[in-house]
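Report on the following structure.
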Amino acid sequence: MRLITISHLRQIIRRTGMDDFLRQSLSALEAAFSRWHEFRKSPRHATHYPHGVIELMPCADDDYYSFKYVNGHPKNTAEGRLSIVALGMLADARNGYPLMLSEMTLLTAIRTAATTALGAKYLARPESRHLAMIGTGAQAEFQLLATRQVLPIEQVSYFDTDPRAMQKFARNMAGGTGLIPCRSIDQAIVDADMIITATAARLHNQLLGPGMIRPGSHIHAMGGDCPGKTELDPALLQQCKIVVEYLPQSLAEGEIQLSQETPIHAELWELVNGSKPGREEPLEVTLFDSVGFALEDYAVLRLVYQLACDLDIGDDVELTPSPADPKDLYSTLLSP
Numbered sequence: 643m644r645l646i647t648i649s650h651l652r653q654i655i656r657r658t659g660m661d662d663f664l665r666q667s668l669s670a671l672e673a674a675f676s677r678w679h680e681f682r683k684s685p686r687h688a689t690h691y692p693h694g695v696i697e698l699m700p701c702a703d704d705d706y707y708s709f710k711y712v713n714g715h716p717k718n719t720a721e722g723r724l725s726i727v728a729l730g731m732l733a734d735a736r737n738g739y740p741l742m743l744s745e746m747t748l749l750t751a752i753r754t755a756a757t758t759a760l761g762a763k764y765l766a767r768p769e770s771r772h773l774a775m776i777g778t779g780a781q782a783e784f785q786l787l788a789t790r791q792v793l794p795i796e797q798v799s800y801f802d803t804d805p806r807a808m809q810k811f812a813r814n815m816a817g818g819t820g821l822i823p824c825r826s827i828d829q830a831i832v833d834a835d836m837i838i839t840a841t842a843a844r845l846h847n848q849l850l851g852p853g854m855i856r857p858g859s860h861i862h863a864m865g866g867d868c869p870g871k872t873e874l875d876p877a878l879l880q881q882c883k884i885v886v887e888y889l890p891q892s893l894a895e896g897e898i899q900l901s902q903e904t905p906i907h908a909e910l911w912e913l914v915n916g917s918k919p920g921r922e923e924p925l926e927v928t929l930f931d932s933v934g935f936a937l938e939d940y941a942v943l944r945l946v947y948q949l950a951c952d953l954d955i956g957d958d959v960e961l962t963p964s965p966a967d968p969k970d971l972y973s974t975l976l977s978p
C-alpha cells in the first residue's frame, strides 16, 4: 500500500505546479460529478460533541472505494491546533485491498477550493473580476487560487474578525491580485461579483441578508457544514437560485437547514451533465450551498494516487499481511 505523507504531497504539487494541480483537481471533480449515478453515495457519518464533530465520509464506484476521516473543532486554533485535520484512504473495490493511505488535511482544503471553482464555472458571471472573501482562515488562500482558475479575478476584498488572519492572507497572497483589506462585511462586498463565506463558528450567523447583495452576484457559502451552523439570513435564500451537492446531506447541514421549504434549483451534478442550466440571466443571484461531499474526496484521492504512481512518489508500507497461504493468517506472526 502506498503511503502519502505531507512531504510526499508537497513533492507532487511541486513537480506538478500548484495551478496545474488545482486545474487537474477541478477536472477530476467535474468528471466525477458527471458520473453521479455510477457512485454509491450516502450522507457522512457524524459524531457530534459540544466542542466539535468527527466524521467519516465514504464514497465508491465499481472500481474504487474511498473514505475520509475528518474533524471540525473551531476552538482548536486558540490552542495552536488546526480546526480541521483529515486522513483519506483509497481501496480496490474488486478485492477490498487498500491502495493508498494519504494525508487529507491539505487535500481537503484543495478539493474544497476546487469545488468552489466548479460551482463558479456554472453559476458566476464569466466576466466576474471582483471577489469578496468573508473569513480568511485556513481555507482562504486555496479558495482564491482555485477561483482564479475559472474566473478573471483582478481584485479581492476581504474581511475577518481576526486581524492576524487578514494579515496572514495578505502576506501569503501578495502579488498577482489586487488585495483590499476591509473593516466590515458590508465594505468587503460592495460591488463584488462573487462572495465566498468561509467562517468557522458553530452558530446560526447572518453574515449576509436581503438588501446586501447586488443583482448578478454569485454567493459560495461553505461555512455552514453541520447541523446548527449557518452563515446566511434564511430570508436571503428566497432571492437566490440555489444549488447543492447532495440534497439529503445539505438539508441537514447546509444553509437550507433553516429554510427547508426553499426551492432548490439543482444538485451540482445536474449542472455538470447539462440536465439543468446553471446561470441563465445576468442579474440573477446564485447561491452554491456547499457543505462538502465524499465524492469530492474520492475524486482528489484518485488523482493523487495516479500522480503518485506516475511520479513514483510515496512510500510502500506493509499494513496488510501477505501470507503464502491466505488461510494461514497466524503464520504471519511467526515470520522473521
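Under my numbering, read the sequence shown as residues 643 to 978, first letter to last.
Ideal Cβ placement from N, Cα and C applies to all residues, glycine included.
Worksheet entry | L743 versus E697 - alpha carbon distance | What you label residue 743 is simply residue 101 of the sequence shown in a count that begins at 1. What you label residue 697 is simply residue 55 of the sequence shown in a count that begins at 1. Approximately 17 Å between the Cα atoms of the pair.
Which residue marks the beginning of the alpha helix (DSSP H) containing V886, and which one marks its end? Here residue 886 is taken as the residue at index 244 of the sequence shown, counted from 1. Where V886 is concerned, there is no enclosing alpha helix (DSSP H), although the beta strand (DSSP E) around it starts and stops at 883-886.
- On the three-state DSSP scale, how would you describe A728? Against the sequence shown, residue 728 aligns to sequence position 86. Strand at A728.
Spatial neighbours of T789 in its chain, beta-carbon cut-off 8 Å, leaving aside the 5 residues before and after | Position 147 of the sequence shown holds residue 789. Within the same chain, T789 has close Cβ partners A755, T758, A759, A762, L773, I795, M836, I838.
**Asked** Under 9 Å, do R707 and L732 count as touching if we go by C-beta distance?
**Response** Taking the first residue of the sequence shown as position 1, residue 707 is located at position 65. Taking the first residue of the sequence shown as position 1, residue 732 is located at position 90. The question names Arg, but residue 707 is Tyr in the sequence shown. Closer than 9 Å, so yes.
- prompt: How would you write the range of the alpha helix (DSSP H) that S649 sits in, first residue to last?
  reply: Translated into the one-based positions of the sequence shown, residue 649 becomes position 7. Per DSSP, the unbroken alpha helix (DSSP H) holding S649 starts and ends at 648-658.
| field | Collapsed DSSP secondary structure at C951 in the structure displayed | value | For the purposes of this step, residue 951 is identified with residue 309 of the sequence shown, where counting begins at 1. Reduced to three states, the DSSP call for C951 is helix.
Closer than 6 Å by C-beta to K871: which residues in its own chain qualify, once you throw out the five before and the five after it? Chain order, please. Taking the first residue of the sequence shown as 1, we reach residue 871 at position 229. So the qualifying residues of the chain are R844.
Query raised in the report: Nearest to R984 by alpha carbon, out of R682, K683, L671?
Result: Since the displayed the chain opens at 643 and closes at 978, residue 984 lies outside it and no answer follows.
Discussion item. Tell me the residue span of the beta strand (DSSP E) that contains V695.
Written reply: As a working mapping, residue 695 is identified with position 53 in the sequence shown. It spans 694-702 - the beta strand (DSSP E) in which V695 sits, taken as one unbroken run.
- Between the CA atoms of A894 and T904 - distance to the nearest angstrom: Looking up residue 904 in the sequence shown gives position 262. Looking up residue 894 in the sequence shown gives position 252. If you take the alpha carbons of T904 and A894, they lie about 14 Å apart.
Would you say F930 and M699 are within 9 Å of each other, going by their C-beta atoms?
For the purposes of this step, residue 930 is taken as residue 288 along the sequence shown, with counting starting at 1. For the purposes of this step, residue 699 is taken as residue 57 along the sequence shown, with counting starting at 1. In this structure, F930 sits away from M699, with a CB-CB distance that is not shorter than 9 Å.
Helix, strand or coil at N713 [DSSP, three-state]:
The residue given as residue 713 occupies position 71 in the sequence shown. The answer is strand: DSSP assigns N713 an E or B state.
When the Cα atoms are used, what is the spatial distance from V885 to T647? In the sequence shown, counting from the first residue as 1, residue 885 sits at position 243. In the sequence shown, counting from the first residue as 1, residue 647 sits at position 5. Roughly 34 Å between the two C-alpha positions.
Inset, instruction - Reducing DSSP to helix, strand and coil, say where Q935 ends up. - result: Counting from 1 along the sequence shown, the entry for residue 935 is found at position 293. At residue 935 the sequence reads Phe, which differs from the Gln that was named. Coil at F935, not helix or strand.
- prompt: How many angstroms separate the CA atom of S984 from the CA atom of G722?
  reply: Because the chain spans 643 through 978 in this model, residue 984 falls outside it and cannot be assessed.
Suppose the cutoff is 7 Å on Cβ atoms and the five residues either side in sequence are ignored; what does the same chain contact list for L741 look like?
Your numbering for residue 741 matches position 99 in the sequence shown. The answer, listed in chain order, is M643, R644, L732, A733, D734, Y947.
Exercise. Quick one: residues in its chain with C-beta nearer than 7 Å to the C-beta of T974, no 5 flanking neighbours on either side, listed in chain order?
Key: Here residue 974 is taken as the residue at index 332 of the sequence shown, counted from 1. P963, P965.
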